[in-house]
Amino acid sequence: MSKLQNALIGGVRTVLGHLPAAWLPGASPDQLADKRVTLGTQQPRIDGPEKVRGTARFAAEVPMDDLLHAAFVHSTIARGTIAELDVTAAEAAPGVALVMTHHNAPRMKVPPTIGLTNLKAAGNHTLPVMQDAEIRWNGQVMAVILAETREQADHAATLVRMSYDAAPSRTRFEEGKAHARTPDSMLMERNRLEKGNPARKLAEAAVSIDATYNTPWLSQNPIEPHAATIAWQGEKLIVHDATQMINATAGSLAKVFGIKEEDVFVSSPFVGGGFGAKGLWDHQILGAAAAKLAGRPVRVRLSRASMHRLVGGRTQTEQRVALGSDANGKLKALLHHGYATKPLHSICDEGFGLTGRSLYACESFDIVQHYVDLDLLANSFMRGPGEAPGTFAIECAMDELAHALKMDPVELRRRNVATCDPVSGAPHSQSDIMAAYDMGAQRIGWGRRAAEPRTRSDGEWLIGMGCASGTFPFIRMPGTSARITLDSGGHAHVASAAHEMGMGTATVQRQHAADRLGLPLDSVSVTIGDSRLPFASFAGGSSQTASLGAAISAASDKLAAQLLRLAGNDTPLAGLKPGEVRFADGGLRKIDDPARYESFASILKRAGREEVSVIGESTAPLEMLKFSMHSTSAIFCEVRVSEVTGEIRVARLVGAFDCGRILNAQTAASQFKGGMIMGLGMALAEETLLDERSGRIMSTSLAEYHVPVHLDVPDIDVMWTDIPDPRTPMGARGIGEIGTTGVAAAVANAIFNATGIRVRDLPITLDKLNLG
Amino acid sequence: MTPFAYRTASDRADALSAHSGARFLGGGTNLVDLLRQNVESAAELVDVSRLPGSISETVNGGLLVGASVKNSALAAHPLVRSRYPMLSRALLAGASAQIRNMATVGGNIMQRTRCVYFYDAEGARCNKRQPGSGCDAIGGFNRYHAILGASEDCVATHPSDMCVALTALDAVVHIAGPDGERTVALTEFHQLPGATPHIETLLKPGELITAVELPPAGASATHSEYRKVRDRSSYAFALISVAGGLEVVDGKVADVRIALGGVAAKPWRATRAEAALKGLPATRENFLAAAAEELTAARPLDGNAFKVGLTQRTIAAVLTSLAGERA
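In order, the protein sequences belong to chains Z and G.
Under full-length UniProt numbering, the first residue of the first sequence is numbered 1, with each subsequent residue one higher.
Under full-length UniProt numbering, the first residue of the second sequence is numbered 1, with each subsequent residue one higher.
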């Protein structure tokens with residue numbers, strides 16, 4: 001990320017700003033935004049029965065003959081080299097087939113890393129995997145044991161004797177800040193943003209606040225730990241993986257092992273939760289390398305502890321926010337400065353500095369983000385990267401400003417609604433955050449909130465309410481493609497190497513294809529989850545629905561053209577162009593002359609075809625550069641806080657979302673609620689215990705790493721504005737991550753309202769209330 | 001995990017015939033984890049969870065609870081619920097339903113600390129796990145650690161909820177061993193760390209807990225509560241907990257029982273606070289003062305100074321509630 005990138009993207013934006021919108025993707029609204037049959041209805045997940053019956057096959061369950069099981073030995077220091085590595089006892093242990101260390105591991109290249117330019121890259125860090133004696137973080141894998149059973153492998157792992165030449169390590173955030181770096185750009189944006197003399201505006205503001213907020217390291221904890229079942233067939237590599245990056249994993253493993261891309265097969269039909277964690281990490285590479293050495297298939301199934309040591313989560317941040325407004329609450333200045341740990345080998349910007357750029361109209365901005373380099377496991381993408389910690393800081397600050405102004409926090413947001421992109425001036429594709437606020441406020445009964453903190457109670461329990469905005473950008477990935485195969489029986493089959501991490505990909509795209517092709521749901525099937533299917537980008541950045549949706553839409557256009565060609569001249573459709581027909585009633589119909597119709601079956605039969613098959617692709621997402629495209633939400637929370645113990649219990653949680661059209665009320669509600677529960681965890685429970693003396697993670701099981709339990713999760717109400725976005729497929733924007741954003745701030749703001757105590761450090765545990 | 005032999009004890013004598021290097025296995029909800037983590041190892045596991053165990057009233061009106069009784073069965077027993085409610089509530093505040101269905105009374109007493117450095121056999125120093133190696137909890141993560149009775153060698157806490165209530169109720173541990181049977185007051189059973197944090201109980205090699213006996217329930221046992229303080233609502237170990245029982249006559253404290261969890265290497269009977277309260281008016285002010293008296297001995301660490309005030313307020317809240325006033 002560089003000055004050059006800033007110039008390029010800036011240049012493209014400038015050009016696109018002058019281009020008519022009609023020339024860009026999304027030029028005319030997708031008809032399916034309004035003309036919907038199954039889209040928008042509740043549809044249960046089609047994979048539900050398989051999962052409930054236990055017949056859905058996950059990566060660690062794929063049967064394979066002659067299978068070996070892997071266990072890992074992790075380093076216990078952060079920096080240094082291996083002095084002595086004695087594996088003789090491990091090799092002699094019962095059942096052991098192989099001990100792999102840097103001494104005998106095959107030579108492997110560093111995988112290409114996830115980025116915006118290479119859709120076949122899945123690497124999460126830039127470090128070599130088991131190629132030398134060097135130790136770069138506490139927890140790095142030093143040895144892999146393969147044995148006939150997992151228990152034998154685990155036991156042998158305890159027999160590996162290792163000593164180190166330790167080197168000085170950098171593991172302390174505070175010390176790292178002094179050497180922080182400030183890159184020119186962050187994701188696709190320039191990093192330092194100064195606009196409109198923020199220093200003067202802040203100094204002249206009638207009311208201002210200035211505070212610093214901290215968020216800790218968070219570890220990824222999908223219910224399914226990372227796993228892969230791996231086999232070599234000659235030069236062909238077969239990986240049954242749990243991944244949200246199927247094609248990228250295949251492409252990356254090809255590079256790692258120097259083999260042809262088409263010789264790597266990655267299958268991942270079901271993933272037990274992704275949240276950004278299920279990409280390419282060291283375990284797949286090590287598993288494949290060990291399988292190659294052993295000449296037998298290998299199953300890698302990370303323990304929860306190995307997962308915490310090998311799979312990066314959300315990085316630590318420290319964020320200063322200063323806001324200045326006039327006496328009426330109109331924002332004059334927004335300052336957002338901060339630090340995030342990002343080791344040099346990490347590729348993930350935790351871009352909290354983007355949050356404040358789109359949420360509110362403001363006269364001036366001063367935003368910059370610094371990166372702290374430490375000898376730690378690479379941080380990575382975790383549901384709502386950037387916006388999850390970013391909204392905590394910005395939205396707590398807004399609450400603090402509202403308090404200083406003696407103004408209702410919802411009213412403060414209303415007075416600062418952005419009517420276009422506050423930084424670039426680009427028009428919104430669609431945006432109505434106040435519609436969300438009004439819905440949410442009504443549902444929770446915002447009128448019951450006491451303006452003065454610490455005025456409501458029930459016995460020892462102080463009661464308070466808070467709100468906060470959430471936000472996440474719209475992203476559509478280019479390159480994602482889908483094949484539609486239509487058979488003479490009128491059945492359409494959609495195939496793509498897309499991903500199912502539990503959110504309902506196949507379910508929703510089946511609805512989409514049915515509505516798109518004018519077919520009943522029963523006449524459509526969807527296959528995803530395998531690299532041999534048409535290429536798909538990753539399921540990340542809440543982009544998959546839009547990307548796959550665009551691919552299916554493009555394929556349907558091709559299908560219409562193909563069908564018209566096949567129909568020939570001996571048809572009521574003779575002479576019509578694709579733009580003149582639409583899919584309807586299991587066939588094609590002329591748009592303004594319904595009498596001109598022919599069914600798919602009839603067209604194919606006359607053409608002597610069993611089926612017709614086309615592939616469509618999601619094109620370059622230029623609309624993202626022309627328009628300001630963000631989903632927003634209003635989160636409301638009611639908490640009870642014991643004034644005896646400081647225990648915090650969330651009594652109610654309401655989320656109102658402005659995310660364009662909702663495609664399936666049932667799966668969407670689950671996405672929103674799941675995201676909000678993750679936000680609750682971030683607010684009150686989750687914290688990786690990273691011992692700064694050693695760089696070692698001490699919270700390696702769910703006993704120490706707390707996530708909310710059922711009793712911590714109240715009834716959650718979710719609702720949506722359902723206003724179509726005219727620039728997106730189906731009028732929808734992504735919904736996978738926004739649920740997590742804004743929740744921590746809403747909880748913190750509710751705690752302030754209940755207690756009068758402002759806690760700016762996550763997670764908000766009872767000791768931080770400082771009751772004495 | 002290191003391979004081990006496993007057998008089921010057919011009766012008590014069979015169990016006691018176990019050779020040195022064997023470990024008794026109850027529900028396995030703690031020991032199996034520790035074996036998996038390589039914190040513990042055993043040549044042989046002798047499963048005593050199927051030895052006969054029952055809950056029966058003693059001749060003097062107390063209660064005898066077999067060591068193999070499951071936590072869930074003890075919590076649900078009508079006599080426990082009616083006469084010793086703090087015990088039932090303490091049990092139900094612990095773990096999860098699934099774990100309570102497995103965990104035994106004997107095993108619960110023998111469970112080991114949840115200190116994260118104790119659990120990290122590969123990467124951390126711990127005097128309890130490896131005597132003389134040092135203590136990484138001091139200067140590290142010690143939010144869950146002891147404020148009372150700790151030493152320079154160990155600041156770990158005992159994690160049990162059940163034992164806190166049993167301690168408040170003057171429970172007695174029945175022990176069988178190669179040299180015969182004996183009984184020990186639960187207050188004496190667990191040891192403070194001193195310079196030997198690896199020695200956690202009075203149990204000698206080869207000895208087996210066979211039962212726990214509760215004396216007859218007086219008014220202060222029956223009028224009792226257990227309050228567990230934790231960040232999340234369930235399935236978390238106590239930051240601190242308070243088992244309290246109170247008998248008030250003419251507005252004055254006639255009898256009081258206070259035991260604390262999450263503050264020391266053993267369930268902590270707050271004898272100083274109890275002594276200070278006897279005969280005083282049952283008021284929140286007096287409860288707070290007595291709690292403060294108990295906590296004058298507190299020596300908090302970097303990460304757990306909050307526990308001192310928290311414990312004081314929670315003791316006062318529990319007793320005030322029992323006295324019938326608003327906390």
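All C-beta atoms, glycine included, are put in the ideal place defined by N, C-alpha and C.
Can you list, in chain order, the residues of its chain with a C-beta nearer than 6 Å to that of Arg649 of chain Z? Leave out the 5 residues immediately preceding and following it.
A distance below 6 Å between beta-carbons, with the five flanking residues on each side excluded, links Arg649 of chain Z to the following residues of its chain, in chain order: Arg640.
For Cys467 of chain Z, name the three-state secondary structure that DSSP assigns.
Of the three classes helix, strand and coil, the one that applies to Cys467 of chain Z here is strand, per DSSP.
Spatially closest choice to Ala166 of chain Z from Z:Ser694, Z:Asp717, Z:Thr740 and Z:Arg760, by CA coordinates
Per the Cα distances, Z:Ser694.
Runs of 4 residues minimum, wholly inside the segment 271 to 358 of chain Z: which ones carry the alpha helix (DSSP H) assignment?
282 to 294, 304 to 310 and 355 to 358, all fully within the segment 271 to 358 of chain Z.
Per-residue burial, Asn770 of chain Z [other beta carbons within 10 Å of its own, 16 or more giving buried]:
Asn770 of chain Z comes out exposed.
Could you give the distance in angstroms between the alpha-carbon of Pro714 of chain Z and the alpha-carbon of Val37 of chain Z?
If you draw a straight line from the Cα of Pro714 of chain Z to the Cα of Val37 of chain Z, it is about 33 Å long.
On the three-state DSSP scale, how would you describe Asp184 of chain Z?
Three-state DSSP puts Asp184 of chain Z in coil, outside helix and strand.
Taking the alpha helix (DSSP H) that Pro78 of chain G falls in, what are its first and last residues?
From DSSP, the alpha helix (DSSP H) with Pro78 of chain G extends over Pro78 to Arg83.
Quick check on Lys228 of chain G: does DSSP put it in helix, strand or coil?
In this structure, Lys228 of chain G counts as strand in the three-state DSSP scheme.
So which residues on chain G does Thr81 of chain Z lean against when the C-beta distance must stay under 7 Å?
Against chain G, the beta carbon of Thr81 of chain Z has no neighbour under 7 Å; the closest one sits roughly 17 Å away.
Is the beta carbon of Gly445 of chain Z closer than 7 Å to that of Ser380 of chain Z?
The answer is no: Cβ separation not under 7 Å.
Residues near Tyr6 of chain G in its chain [Cβ-Cβ closer than 6 Å; skip 5 each side]:
Cβ within range, chain order: Leu45.
Near-chain G residues of the segment 707 to 728 of chain Z (beta-carbon distance less than 7 Å), N- to C-terminal order:
Flagged, chain order: Pro708, Val709, Leu711 and Asp712.
Can you tell me the Cβ-Cβ gap for Val242 of chain G and Ile315 of chain G, rounded? I've got them flagged as a contact below 8 Å.
Contact holds; Cβ gap of about 5 Å.
Does the Cβ-Cβ distance between Ser252 of chain Z and Pro343 of chain Z come in under 7 Å?
Result no, Cβ atoms of Ser252 of chain Z and Pro343 of chain Z do not sit closer than 7 Å.
Backbone secondary structure at Ala5 of chain G - three-state DSSP:
Residue state, collapsed to three classes: strand.
CA-CA distance, Arg735 of chain Z and Gly10 of chain Z?
The sequence shown places Ile at residue 735 of chain Z, not Arg. Whole-angstrom Cα-Cα distance: 27 Å.
Can a CB atom of chain Z be found closer than 7 Å to the CB of Thr314 of chain G?
The beta carbon of Thr314 of chain G sits closer than 7 Å to some beta carbon of chain Z.
Please return the same chain residues whose Cβ sits closer than 6 Å to the Cβ of His19 of chain G, not counting the five positions on each side in sequence.
Excluding residues within five positions, none has a Cβ falling inside 6 Å.
Would you verify that the beta carbon of Tyr226 of chain G is, or is not, closer than 7 Å to some beta carbon of chain Z?
Contact with chain Z is absent for Tyr226 of chain G, since none of that chain's Cβ atoms lies less than 7 Å from the residue's Cβ.
Along the chain, where does the alpha helix (DSSP H) that runs through Val256 of chain Z open and close?
Unbroken alpha helix (DSSP H) run through Val256 of chain Z: Ile246 to Phe257.
Residue 349 of chain G: contacting residues in chain Z (beta-carbon distance under 7 Å)
Residue 349 of chain G falls outside the range modelled here, since chain G spans only 1 to 327, and no answer is possible.
Let me confirm a value: Gln511 of chain Z is counted as buried when at least 16 other C-beta atoms fall within 10 Å, else exposed. Which label applies?
Using a 10 angstroms sphere on the CB of Gln511 of chain Z, the tally of other CB atoms reaches 16 or more, which defines it as buried.
Under 7 Å, do Asn515 of chain Z and Leu193 of chain Z count as touching if we go by C-beta distance?
The sequence as given places Asp at residue 515 of chain Z; Asn does not occur at that position. Not in contact: Asp515 of chain Z and Leu193 of chain Z (Cβ atoms no closer than 7 Å).
Where Ala397 of chain Z and Asp326 of chain Z are concerned, what is the direct C-alpha to C-alpha distance, given to the nearest angstrom?
Between the C-alpha atoms of Ala397 of chain Z and Asp326 of chain Z there is a straight-line separation of about 15 Å.
Under 7 Å Cβ to Cβ from Asn6 of chain Z, same chain only, skipping five residues before and after it: list those, please.
So the list reads Asp184, Ser185 and Arg190, once near-sequence residues are dropped.
For Phe24 of chain G and chain Z, any beta-carbon pair shorter than 7 Å?
Judged by the 7 Å Cβ criterion, Phe24 of chain G is not in contact with chain Z.
The segment 698 to 713 of chain Z / the segment 412 to 432 of chain Z touching (three or more Cβ pairs under 8 Å)
Not touching, per the Cβ criterion.
Name, in chain order, the residues that DSSP records as bridge partners for Ser631 of chain Z.
In the DSSP assignment, the residues bridged to Ser631 of chain Z are Z:Phe472.
When DSSP labels each residue in this structure, what does Asp767 of chain Z get in the three-state scheme?
Asp767 of chain Z carries a helical assignment under DSSP once its states are collapsed to helix, strand and coil.
Enclosing beta strand (DSSP E) for Pro594 of chain Z [first to last residue]:
Under the DSSP assignment, Pro594 of chain Z falls in the beta strand (DSSP E) whose first and last residues are Asp593 to Ser599.
DSSP bridge partner residues for Phe72 of chain Z (one or two, in chain order):
When DSSP reads this structure, Phe72 of chain Z sits in a beta bridge with Z:Val144.
Hey, would you say Ala561 of chain Z sits closer than 7 Å to Glu617 of chain Z, going by beta carbons?
Going by C-beta atoms, Ala561 of chain Z is not nearer than 7 Å to Glu617 of chain Z.
Name, going along the chain, the residues of the segment 225 to 252 of chain G whose beta-carbon falls closer than 9 Å to a beta-carbon of chain Z.
Those residues of the segment 225 to 252 of chain G that come within reach of chain Z (Cβ to Cβ, closer than 9 Å) are Arg227, Val229, Arg230, Asp231, Arg232, Ser233, Ser234, Tyr235, Ala236, Phe237, Leu239 and Ile240.
Is the beta carbon of Cys659 of chain Z sitting closer than 7 Å to the one on Ser701 of chain Z?
Between Cys659 of chain Z and Ser701 of chain Z, the C-beta spacing is not below 7 Å.
Quick one: which chain G residues come within Cβ less than 9 Å of Ser699 of chain Z?
By Cβ distance, chain G contributes Val116 and Phe141.
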